[in-house]
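Just so you know, the sequences run in chain order A and B. With numbering that gives the first Met the number 0 applied, the first sequence corresponds to residues 0 to 198, in that order. With numbering that gives the first Met the number 0 applied, the second sequence corresponds to residues 0 to 261, in that order. Right, one structure below, let's go through it.
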Amino acid sequence: MKRYAMAIDLASCVGCSACSVACTMENDVPIGVHRLWIRNTTVGTFPDLAVEFRPEQCLHCENPPCVPVCPTGCCYVTEDGIVDIDTKKCIGCSACIAACPYDARFMHPGGYVSKCDFCRHRLEEGRLPACVETCPTLCRSFGDLNDPNSAVSVAIRNADRVDVLRPEQGTGPNLYYLNAPAAFGLTSQIGQPIEEGAH
Amino acid sequence: MTEFYGLPNSAHFWHWPSLFHFAFVALAGGMAFVTMIATITKHPKARTYALITIGLIVLDLATLWAESPARWRFTHVWLFFTFTPTAPIWIGAWGLILSLVASFFVWIAKGPRLLWSALLVVGSSAALLYPGLALAVNINRPLWTTLLIVLFPLTAMVTVVAVAMLLRQPWAKRYIVPLSLASAVVGVVYLFGLATGTAEAQQGFTYLWSHGGPLFLVGLVLLAAPAFLRRLPILAAVVPFLGATVVRSLIVDIGQHQFFGF
């Protein structure tokens, strides 16, 4: 069984935002909401400075807190590990938005919740997610985590450092950040270390 | 320094109509509870209470419908065609619908009273519990702590008993002081828990204080006030009603913030 995951090499990301634009175009994301955004944080003091360009989106968690709180079962995890939404069943109650620790979900003007789905429609055609295909520095790797030879498995294995967002929440994200530029790992929203890394 | 290209979706997801829902569901759940007690004890006003319960549930459901972004998509039917007991909103939906059905039969005085009582026990408990539960399950939002599972049913009962006092129900006077005092105490414990909790809880406390802390304190004082207003029954009802509504509304509104987005 496949377990889709993504890894983003922060040492290679230059914050060009091409992935965010590609995502918006591919998925027809409405104005004012985002499936994918870039957080640029300057850390340290001169002369020991680093800039972390960190793309953020749905992390397709192993234990997604958004799924059990959905009262109609419209939020679900596919067999290959993608956290998805059946918009025909969504009542727009926002319980999943409240539960997401990563602000990844938003209310679509059509009256249902939306978010990144790893471009599932592209995966079904054997293509990569739009953000992965677009990235000019090839900092994104995507594939089956259960396949040791997949691009994502290789990237994680070869990384000097692997982190996930908010590990203290116990969500088990399937989006990994590799080689964070700051010595302490990922930054929080105020430029401070996130409590502890994934590895 | 942090900048963004695009933004995290950290805006409020529940807006002011939701605050009316949290107020009406308190009244609806609480009134269903009163109807359940009245039905079991064969209280002469049981049918009247049942009718009020029906009205409040309909009012609450109408509020939910009005605030729903899916109001014309009619997807709400899925609430009753799925089994998702881990979702507080599913529990609440069933609690309200069971209370509605049972109250209807109590009102028209048809069918087995024992069955309607049993349905009201389950339905009113679910309706009273679910708002606090719906907030408390979000461990990512520091202002929505597990204590809300206690605070919300208590404040809900305060609002119902206050309304009953205004409607001159003789039994209500006995309960307003203990319920409102208990709510005030739990409210203080809630604040204390935030102020002395984890770093994120303390951030939450600071955020609550800067975005409505004084009003929250006023709410707690109003909840404690009936103990000193025993000879002024109208004030002893209105004051804790306002206190309970203020405290609940602030927790729902301000608590939507989590300290990850910006």
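Glycine included, each C-beta is placed from N, C-alpha and C at the ideal position.
query, result
"Hey, is residue 139 (chain A)'s beta-carbon within less than 9 Å of any beta-carbon in chain B?", "no"
"Step through the CB atoms of chain A and report whether any lies within less than 9 Å of the CB of residue 68 (chain B).", "yes"
"Check whether the Cβ atoms of residue 158 (chain B) and residue 6 (chain B) sit closer than 9 Å, and answer yes or no.", "no"
"Where does residue 166 (chain B) fall in DSSP's three states?", "coil"
"Rounded to a whole number of angstroms, what is the C-alpha to C-alpha distance between residue 4 (chain B) and residue 204 (chain B)?", "30 Å"
"Is residue 243 (chain B) closer than 9 Å to residue 154 (chain B) when the C-beta atoms are compared?", "yes"
"What in chain A is Cβ-close to residue 13 (chain B), meaning under 7 Å?", "93"
"Is it a yes or a no for the stretch 121-131 of chain A touching the stretch 104-112 of chain A, going by three-plus beta-carbon pairs under 8 Å?", "no"
"Going by beta carbon distance, what residues of the same chain come within less than 6 Å of residue 41 (chain A), once the five residues before and after it are set aside?", "50"
"What residue range does the alpha helix (DSSP H) around residue 202 (chain B) cover?", "198-209"
"Determine the direct distance from the alpha carbon of residue 250 (chain B) to that of residue 172 (chain B), and round the result to whole angstroms.", "27 Å"
"Report the residue from A:164, A:89 and A:64 whose alpha carbon sits nearest the alpha carbon of residue 85 (chain B).", "A:64"
"Answer with yes or no whether the minimum CB distance from residue 13 (chain A) to chain B is below 9 Å.", "no"
"Compare the C-alpha of residue 207 (chain B) against each of B:253, B:240, B:131 and B:28 and name the closest.", "B:253"
"Under a Cβ-count criterion, where at least 16 other Cβ atoms within 10 Å of its own Cβ denotes burial, should residue 88 (chain A) be classed as buried or exposed?", "buried"
"Any C-beta of chain B within less than 7 Å: which residues of the stretch 22-35 of chain A qualify?", "32, 33 and 35"
"Does chain B have any CB closer than 9 Å to the CB of residue 103 (chain A)?", "yes"
"Give me, in chain order, the residues of the same chain whose beta-carbon lies closer than 8 Å to that of residue 71 (chain A); leave out the 5 immediate sequence neighbours on both sides.", "88, 89 and 90"
"Would you tell me roughly how many angstroms separate the C-alpha atoms of residue 31 (chain A) and residue 133 (chain B), rounded to the nearest one?", "27 Å"
"Would you mind giving the Cβ-Cβ distance between residue 13 (chain A) and residue 136 (chain A), rounded to the nearest angstrom? I have them listed as a contact below 8 Å.", "6 Å"
"Would a check of beta-carbon distances place residue 56 (chain B) closer than 9 Å to chain A?", "no"
"Work out the CA separation of residue 12 (chain B) and residue 151 (chain B) for me, nearest whole Å.", "20 Å"
"Alpha carbons only, please: which of A:98, A:69 and A:97 is nearest the one belonging to residue 84 (chain A)?", "A:69"
"Mind listing the chain A neighbours of residue 257 (chain B)? Cutoff is C-beta to C-beta under 8 Å, in chain order.", "100 and 102"
"Answer yes or no: do residue 144 (chain B) and residue 193 (chain B) have a C-beta to C-beta separation smaller than 9 Å?", "yes"
"If I'm right that residue 202 (chain B) touches residue 111 (chain B) with Cβ under 8 Å, what's the distance once you round it to whole angstroms?", "Not confirmed; about 53 Å, so no contact."
"Exposed or buried, what is residue 76 (chain B) when buried is set at 16 or more other beta-carbons lying within 10 Å of its beta-carbon?", "exposed"
"Is the CB of residue 86 (chain B) under 9 Å away from at least one CB in chain A?", "yes"
"Cβ closer than 8 Å: which chain A residues qualify as neighbours of residue 4 (chain B)?", "14, 16, 19, 36, 37 and 39"
"Flag this pair as yes or no: are the beta carbons of residue 0 (chain A) and residue 148 (chain A) separated by less than 9 Å?", "no"
"Apart from the five residues on each side of it in sequence, which residues of its chain come closer than 6 Å, Cβ to Cβ, to residue 257 (chain B)?", "139 and 140"
"I'd like to know if residue 9 (chain B) contacts chain A, where contact means its C-beta is closer than 9 Å to some C-beta of that chain.", "yes"
"Contact defined as beta carbons within less than 8 Å: I believe residue 126 (chain B) pairs with residue 95 (chain B). What is the distance between those atoms, to the nearest angstrom?", "5 Å"
"Give me the chain A residues within the contact set of residue 45 (chain B), using Cβ-Cβ distance strictly less than 8 Å, ordered along the chain.", "What residue 45 (chain B) touches in chain A: nothing, since even the nearest Cβ is about 31 Å away."
"So for residue 64 (chain B), helix, strand or coil by DSSP?", "helix"
"Can you have a look at residue 87 (chain B) and say buried or exposed, based on whether 16 or more other CB atoms are within 10 angstroms of its CB?", "buried"
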